[in-house]
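First comes the structure, then the notes that go with it.
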Amino acid sequence: MMTIARYCVLVLLVSLGSVGAESIGGKKPLVLVSVPPQLYFVRAIAGDSVEARSVVPADVSPETYEPKPSQARAFMQAVVFFGVGMSYERALQTRLASNNRALVYENLAHIVSHHASDSAHLDSRHLDSTSHAHDPHIWLSLKLAKAQAQAMYESLCAISPAHKESYTKNLATFFAQVDKIGLDLARILAGQRGRAFLVLHPAFGYLAQEFGLEEIALEEDGREIKLKALSRLPKLIEEKRIRTLFIQPQFDKERAESIAKTLGLNVEILDPLNENWEESLYAFAHKIKEQ
Numbered sequence: 004m005m006t007i008a009r010y011c012v013l014v015l016l017v018s019l020g021s022v023g024a025e026s027i028g029g030k031k032p033l034v035l036v037s038v039p040p041q042l043y044f045v046r047a048i049a050g051d052s053v054e055a056r057s058v059v060p061a062d063v064s065p066e067t068y069e070p071k072p073s074q075a076r077a078f079m080q081a082v083v084f085f086g087v088g089m090s091y092e093r094a095l096q097t098r099l100a101s102n103n104r105a106l107v108y109e110n111l112a113h114i115v116s117h118h119a120s121d122s123a124h125l126d127s128r129h130l131d132s133t134s135h136a137h138d139p140h141i142w143l144s145l146k147l148a149k150a151q152a153q154a155m156y157e158s159l160c161a162i163s164p165a166h167k168e169s170y171t172k173n174l175a176t177f178f179a180q181v182d183k184i185g186l187d188l189a190r191i192l193a194g195q196r197g198r199a200f201l202v203l204h205p206a207f208g209y210l211a212q213e214f215g216l217e218e219i220a221l222e223e224d225g226r227e228i229k230l231k232a233l234s235r236l237p238k239l240i241e242e243k244r245i246r247t248l249f250i251q252p253q254f255d256k257e258r259a260e261s262i263a264k265t266l267g268l269n270v271e272i273l274d275p276l277n278e279n280w281e282e283s284l285y286a287f288a289h290k291i292k293e294q
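Given below as structure tokens:
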């Protein structure tokens with residue numbers, strides 16, 4: 004069911020499309036996304052009919068990212084910005100509204116929230132957690148992937164109505180791909196239900212819930228690991244039979260390796276910001292199985 008806010012967004016995008024947003028200055032419409040994996044979604048639907056860029060680079064953590072002054076031009080030229088609910092997006096909204104009133108910000112986390120089985124957010128288990136914040140890693144959810152793609156498709160069709168036929172075909176192809184990935188991951192992770200895995204930063208909570216796994220995170224909301232929490236780790240590791248600490252390439256590898264060495268754990272990299280979204284999902288499944 005379409006919300007009033009979503010309807011208003013599409014009306015605005017249709018108005019842009021009606022005046023030729025796809026041919027302004029002879030250039031393709033510029034579409035911004037919050038994180039690199041979203042580029043996979045946009046390109047799967049729109050191909051090369053739009054120019055797509057990620058605001059957050061692949062080698063930087065979006066939780067601590069602040070847009071650079073050099074990106075101001077892109078925000079001035081873009082027609083739509085697909086967000087996921089990262090904190091930097093909230094800080095950016097006011098500036099976007101004043102600098103480019105034609106730019107539409109779509110927080111996909113709000114759009115897909117009613118599709119989540121639990122609530123508008125899913126949480127990882129934190130060693131020292133006292134609060135539950137929105138998990139913005141919605142692209143790492145197969146259950147929410149189609150809803151995100153559908154929202155992007157509707158906006159892209161509004162911007163470039165001449166491409167609606169090809170976008171519709173591409174969306175159907177992407178939906179079939181999501182279904183195949185889901186079946187493949189279920190096969191790879193068969194027999195792993197209930198298994199725990201340890202991460203430095205909580206990014207895989209959606210996938211963990213969807214495949215019956217338990218993600219245990221050492222940090223929460225980018226905050227440093229507390230000594231009190233670390234003191235509980237040896238017992239937890241033994242109980243859960245954990246042998247590996249998974250880290251992201253965007254975070255401090257030396258700190259992670261120091262913690263892993265103290266605990267007698269191996270270190271493996273899992274990259275939730277891999278621009279190749281499909282590849283990152285298969286990498287997650289294989290590494291969880293092999294840990």
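So the number in my numbering is just where the residue sits in the sequence shown, counting from 1, plus 3.
Positions of the beta carbon are idealized from the N, C-alpha and C atoms, including for glycine.
Just so you know, these numbers come straight off a predicted model, no measurement behind them.
| Asked | Found |
| --- | --- |
| Beta strand (DSSP E) segments (min. 3 residues) lying fully within the stretch 35–120 | 54–57, 83–86, 107–110 |
| Contact the stretch 275–282 vs the stretch 33–45: 3+ CB pairs below 8 Å | yes |
| 7 Å CB neighbourhood of GLN96 in its chain, flanking five on each side removed | TYR108 |
| LEU35 versus PRO237 - alpha carbon distance | 43 Å |
| Among LEU248, VAL58, LEU266, ALA75, nearest to SER37 - alpha-carbon criterion | VAL58 |
| Assigned exposure category for PHE287 - 16 Cβ within 10 Å defines buried | buried |
| Collapsed DSSP secondary structure at PHE249 in the structure displayed | strand |
| Three or more C-beta pairs below 8 Å linking the stretch 165–174 and the stretch 201–213 | no |
| C-beta contact flag for LEU268 and ARG235 at 8 Å | no |
| Other residues of its chain near LYS292: CB distance less than 7 Å, five sequence neighbours each side excluded | ILE191, LEU192, GLN195 |
| GLU92 burial status per 10 Å Cβ neighbour count (16 or more: buried) | buried |
| Beta-bridge partners of ASN279, as assigned by DSSP | Beta-bridge pairing links ASN279 to no other residue. |
| LEU125 - DSSP class collapsed to helix/strand/coil | The pLDDT assigned to LEU125 is 45, lower than 50, so where the model puts this residue is not dependable; a value taken from the coordinates is nonetheless given after this. LEU125: coil per DSSP, three-state reduction. |
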